[in-house]
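For the sequence shown, our numbering gives the first residue as 971, with consecutive numbering after it. Beta carbons are placed, not taken as given, at the ideal position from N, Cα and C, and that holds for glycine. The structure presented is a predicted model; accordingly, all values stated were derived computationally and were not measured. These notes concern the structure reproduced below.
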Amino acid sequence: MADVVQYRLERMLDELEDLEKRGIFSRTEIAEIVKKRRNFEYKLKRPSPLKQDFLSYIDYEKHLDSLRRLRKKVVSQDLKEQGIKKRKKKSSSDIAGVLRILGIFRLAVTRFKGDIHLWFMYLEYCKERGHGRMKKILPQVLRFHPKVPGVWIYAASWEFDHNLNVAAARALMQNGLRACPDSEDLWVEYLRMELTYLNKLKARKAALGEDSGALTRKEDVDDKQWRDENKDLFMSLDGEKEGVDGTGVKEGESGNKKDTFREQGSVILETIYNGAIEALPTSMSLRKRFLEVLDGIDLAHSEELKKKMMDGLKRDFGNKAEYWDWLARLQIGDLEKAKNMSKKDMLCQLNKAVDIYEEALESMPSTEVFSVYTNFWKDVIAPKGEDSQVFELADISDESVEFTSRLFKVFEKAESMGCITEDLTYHHISLYLELGRLEEARNLAEKFSNGKLSCSMKVWVLRVSIEMKWVTRESASLGKDDLRSVFGLLQNILSKVAISEAESLWHMAVEFFSNQPKYFKKLVEIFLVFLTKENEGDVPLSSAIVNYVHQKDGLQRAREVYKRFVATPHPSLTLYKNCIELESNLAFGGDKNALSNARKLYESALTTYKEDRGLWRDYYSMEIKMGTSKTVNAVHWRAKKILKDTTELLVSQNP
């Protein structure tokens, strides 16, 4: 290994001498460079080099080459000021850095052939440096990763944009589609490439004065972002009918040529679209992306093509709520671009979207349709935010009451058609709460929790929280009847479900009654009964109750409670650790009984969790800090007997 590293360092001699001779680096700096490179080379030559070793070496060489170029400019400027003619011929040091980085990349991808990210880093560096090795690397990537669509797109883009070889780019895309027929990106990029090529042909004709205009999207106020993302793709065929000299072109003279390009574009799109839906018949998103492309260009028979696509979408996806939701929101999507539309027209567009949802309910009444329908209205009503899809209707404040009323009608319709769900009910009740209509929310929650959704924890949690707000709406102080009412409600539902299913309700109850000793005690007793009866495993609520008792009633009461919890059939390890932490902290503070209690807890925990290494480690650590040599050795001997290997225990104490 040392011979190989030495050989590689000796090959750098000419480069380093040239750097010193030209005054770019000093002898001291070169010595430091050699030292760094030697360390990196040794790392690469070890039996199992890491990917990070290669990346660190590459990063170092990139920074070094950047520094070399900067210093070279400074040296050249100094020579110019001194009147010395600058040498234009490149020396060995000018190309050695790039070659070394490429060599390290080659070694890295040879070692980690399956790392696609590393291959792309290699390709990007070749592209950045304009190195001819790209044409050798691309076939290698395609050979090792034929199932990665991004590789085919990258290779085709290189051929199309850099080598200007449309035939090769087309062949790569078609081979990619054979290898990855289920890739949406490949189908869409293939279409974009073909239309871009057609656009270039059209632009060339226009530049030669044989045609006017090009394939572009129709002008729109809000198209800037779309143009930025697709700036080299499409220009409109029905743009200004002017020649290259600005003179008008007669419609009859250019019409046939224009129609030829528009017809070709239409045929290309239809052909690729048919192939795409044949390969991916169940992909709705792919068809939506094709529609976006079609909306962005001007082709012959574009309306007919769009109608065909829309009919196909309805035929194949008309039984899915996602389709109807997209179709309805498409009406509002057009509205976003109409900045000067009147209030009346905006509401008209909104009503069109509503009609689509109603049509969906007639053809396929389901919970999914009601879910997207209610989400639509919530998006219309909700204030504008980063993550909300609000459709520029926030300014129509006069209509907000009507919109809310219509949303309530959708909820009521879902109930009447038997399509009510837990989520719909939750949002229905939550809407009343958001509007400050607490009594109506309370009545609705009571109705559903005692009726169709009596087993829904989500609805029960909401109902209990509403009841708690109801009894404290006028005063923070609670009357006996209020306390009795809330406790009875909680007792009723908590007695029907397992602790793990109603954990959030238990937490609410513990927090609500934490200042009511009488009811809190009853709650703990109920919890203990269920804990014993159900033989629950890891229940974090036990620890929460111990902490509440410790804060409110003091240490002695907390010890009484956790001892009762520990005495249940299967106390959780989380409870043990929480109680041990409580006693350990007290022992550090000087409590005489705390250390003894902590040991008892450890011993109790180890009867159930004797194979838990973390428990033994914590026990051993506590004895190291607060015990005697006798207790430390005793714990270590027992741990070694059970775990066999106690290296982890000793290492953790010697950081």
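>> Since Val1342 and Thr1395 should fall inside the 8 Å C-beta cutoff, what is the C-beta to C-beta distance between them, to a whole number of angstroms?
In response: One-based indexing of the sequence shown puts residue 1342 at position 372. One-based indexing of the sequence shown puts residue 1395 at position 425. Wrong, their Cβ atoms sit about 16 Å apart, outside the cutoff.
> Buried or exposed: where does Trp1586 fall if 16 or more other Cβ atoms within 10 Å of its Cβ makes it buried?
Replying inline: Taking the first residue of the sequence shown as 1, we reach residue 1586 at position 616. Burial call: buried.
> Can you list, in chain order, the stretches of the alpha helix (DSSP H) that have 4 or more residues and sit fully within the region 1002 to 1052?
Replying inline: Entirely contained in the region 1002 to 1052, the alpha helix (DSSP H) runs reaching 4 residues are, in chain order, 1021 to 1051.
> Roughly how far, in whole angstroms, is the beta-carbon of Leu1108 from the beta-carbon of Trp1122, given that I think they are within contact range, below 8 Å?
Replying inline: Here residue 1108 refers to the residue found at position 138 when the sequence shown is read from its first residue. Here residue 1122 refers to the residue found at position 152 when the sequence shown is read from its first residue. Rounded, the Cβ-Cβ distance is 10 Å, inconsistent with contact.
>> Please report the straight-line C-alpha distance between Asp1048 and Lys1042, rounded to a whole angstrom.
In response: If you number the sequence shown from 1, residue 1048 lands on position 78. If you number the sequence shown from 1, residue 1042 lands on position 72. One C-alpha to the other measures close to 10 Å.
>> Please report the straight-line C-alpha distance between Phe1373 and Lys1313, rounded to a whole angstrom.
In response: Residue 1373 sits at position 403 when you count from the first residue of the sequence shown. Residue 1313 sits at position 343 when you count from the first residue of the sequence shown. C-alpha separation (whole angstroms): 14 Å.
> When burial is assigned at 16 or more other CB atoms within 10 Å of the CB, is Pro1251 buried or exposed?
Replying inline: Taking the first residue of the sequence shown as 1, we reach residue 1251 at position 281. When all chains shown are included, Pro1251 counts as exposed.
>> Just to confirm before moving on: does the CB-CB distance between Leu1275 and Leu1297 stay below 8 Å?
In response: Looking up residue 1275 in the sequence shown gives position 305. Looking up residue 1297 in the sequence shown gives position 327. Their beta carbons are not under 8 Å apart, which means Leu1275 does not touch Leu1297 by this criterion.
>> What does the alpha-carbon distance come out to for the pair Thr1598 and Tyr1579?
In response: By one-based count along the sequence shown, residue 1598 stands at place 628. By one-based count along the sequence shown, residue 1579 stands at place 609. Answer to the nearest angstrom: the Cα atoms are 24 Å apart.
> With 16 other CB atoms within 10 Å as the buried threshold, where does Gln1319 fall?
Replying inline: Here the question's residue 1319 lines up with position 349 in the sequence shown. The residue in question, Gln1319, is buried, as its Cβ has 16 or more Cβ neighbours within 10 Å.
> Is the number of C-beta pairs between the region 1279 to 1287 and the region 1322 to 1334 that are closer than 8 Å three or more?
Replying inline: The region 1279 to 1287 vs the region 1322 to 1334: no contact.
>> Starting from Glu1372, trace the alpha helix (DSSP H) in both directions and tell me its first and last residue.
In response: Translated into positions along the sequence shown, residue 1372 becomes position 402. Per DSSP, Glu1372 belongs to the alpha helix (DSSP H) from 1370 to 1386.
> According to DSSP, is Phe995 helix, strand or coil?
Replying inline: Locating residue 995 in the sequence shown gives position 25, counting from the first residue. In the structure shown, Phe995 sits in coil (DSSP, three-state: anything other than H, G, I, E or B).
> Can you tell me whether DSSP reads Gly1355 as helix, strand or coil?
Replying inline: For this step, residue 1355 is matched to residue 385 along the sequence shown. Only weak support is given to the placement of Gly1355: the predicted model assigns it a pLDDT of 47, under 50, and the value that follows is read from those uncertain coordinates. Gly1355: coil per DSSP, three-state reduction.
> What's the gap between the Cα of Leu1134 and the Cα of Gly1235?
Replying inline: Mapped onto the sequence shown, residue 1134 falls at position 164. Mapped onto the sequence shown, residue 1235 falls at position 265. Leu1134 and Gly1235 have their C-alpha atoms spaced approximately 20 Å apart.
> For Gly1449, does the count of other Cβ atoms within 10 angstroms reach 16, so buried, or fall short, so exposed?
Replying inline: As a working note, residue 1449 is residue 479 in the sequence shown. So Gly1449 ends up on the exposed side.
> Near Leu979, what residues of its chain come up, given a Cβ to Cβ distance below 8 Å and the 5 sequence neighbours on each side ignored?
Replying inline: Your numbering for residue 979 matches position 9 in the sequence shown. So the qualifying residues of the chain are Val1004, Arg1007, Arg1008, Glu1011.
>> For Asn1567 and Ser1554, what's the separation of their Cα atoms in angstroms?
In response: Locating residue 1567 in the sequence shown gives position 597, where the first residue counts as 1. Locating residue 1554 in the sequence shown gives position 584, where the first residue counts as 1. Looking at the two C-alpha atoms, the distance is approximately 9 Å.
> CA-CA distance, Lys1488 and Met1316?
Replying inline: Numbered from 1 along the sequence shown, position 518 holds the residue referred to as residue 1488. Numbered from 1 along the sequence shown, position 346 holds the residue referred to as residue 1316. If I take the Cα positions, the gap works out to 59 Å.
> Taking just the CA atoms, how far does Ser1026 sit from Val930?
Replying inline: One cannot answer for residue 930 here, as it falls past the ends of the chain, which runs 971 to 1625.
> If Val1434 sits next to Met1478, beta carbons under 8 Å apart, how far is it from one beta carbon to the other, in whole angstroms?
Replying inline: For this step, residue 1434 is matched to residue 464 along the sequence shown. For this step, residue 1478 is matched to residue 508 along the sequence shown. That belief holds up - the Cβ atoms of Val1434 and Met1478 are roughly 6 Å apart, short of 8 Å.
> How is His1271 classed by DSSP in three states: helix, strand or coil?
Replying inline: As a working mapping, residue 1271 is identified with position 301 in the sequence shown. Assignment of His1271 by DSSP, reduced to helix, strand and coil, places it in the coil class.
> On the three-state DSSP scale, how would you describe Ser1398?
Replying inline: Taking the first residue of the sequence shown as position 1, residue 1398 is located at position 428. Sequence check: residue 1398 is His here, not Ser. The answer is helix: DSSP assigns His1398 an H, G or I state.
>> Could you check whether Leu983 and Ile1000 sit closer than 8 Å to each other, using their CB atoms as the reference points?
In response: Within the sequence shown, residue 1000 is the residue found at index 30, counting from 1. Within the sequence shown, residue 983 is the residue found at index 13, counting from 1. No. Outside cutoff.
> Helix, strand or coil: which one does DSSP assign to Ser1465?
Replying inline: Position 495 of the sequence shown holds residue 1465. Ser1465 falls in the coil class under three-state DSSP.
> With distances taken between CB atoms, is the gap from Ile1247 to Gly1282 smaller than 8 Å?
Replying inline: Locating residue 1247 in the sequence shown gives position 277, where the first residue counts as 1. Locating residue 1282 in the sequence shown gives position 312, where the first residue counts as 1. Yes, they are a contact pair.
>> Alpha carbons only, please: which of Met1438, Lys1117, Val1605, Ala1173 is nearest the one belonging to Gly1458?
In response: Translated into the one-based positions of the sequence shown, residue 1458 becomes position 488. Of the listed residues, the one whose Cα sits closest to Gly1458 is Met1438.
> Taking the alpha-carbon positions, what's the Lys1175 to Leu1112 distance?
Replying inline: As a position in the sequence shown, residue 1175 is number 205, starting the count at 1. As a position in the sequence shown, residue 1112 is number 142, starting the count at 1. If I take the Cα positions, the gap works out to 35 Å.
>> Give the list of continuous alpha helix (DSSP H) stretches no shorter than 4 residues that lie fully inside the region 1412 to 1462.
In response: 1427 to 1441
>> In this structure, how does DSSP classify Leu1297 when only helix, strand and coil are distinguished?
In response: Taking the sequence shown and counting its residues from 1, one reaches residue 1297 at position 327. Leu1297 falls in the helix class under three-state DSSP.
>> Can you tell me whether Ser1474 is helix, strand or coil according to DSSP?
In response: As a first step, residue 1474 must be located in the sequence shown, where it is residue number 504. In the structure shown, Ser1474 sits in a helix (DSSP, three-state: H, G or I).
> Expressed to the nearest angstrom, what Euclidean distance is found between the alpha-carbon atoms of His1087 and Pro1019?
Replying inline: Reading the sequence shown from its first residue, position 117 is the one you call residue 1087. Reading the sequence shown from its first residue, position 49 is the one you call residue 1019. Their Cα atoms are separated by approximately 18 Å.
> Residues in its own chain within less than 7 Å of Thr1344 by CB, not counting five upstream and five downstream?
Replying inline: Working through the sequence shown from its first residue, we reach residue 1344 at position 374. Same-chain partners within the cutoff: Leu1377, Val1380, Phe1381, Leu1394, His1397.
>> Considering Cα atoms alone, identify which of Arg1039, Lys1503, Ser1474, Ala1139 is closest to Thr1538.
In response: For the purposes of this step, residue 1538 is taken as the residue at position 568 of the sequence shown. The option with the nearest alpha carbon to Thr1538 is Lys1503.
> Helix, strand or coil for Arg981 per DSSP?
Replying inline: Working through the sequence shown from its first residue, we reach residue 981 at position 11. Coil, per DSSP.
> If you check the beta carbons only, do Ile1302 and Leu1165 fall under 8 Å apart?
Replying inline: Numbered from its first residue, the sequence shown carries residue 1302 at position 332. Numbered from its first residue, the sequence shown carries residue 1165 at position 195. The answer is no: Cβ separation not under 8 Å.
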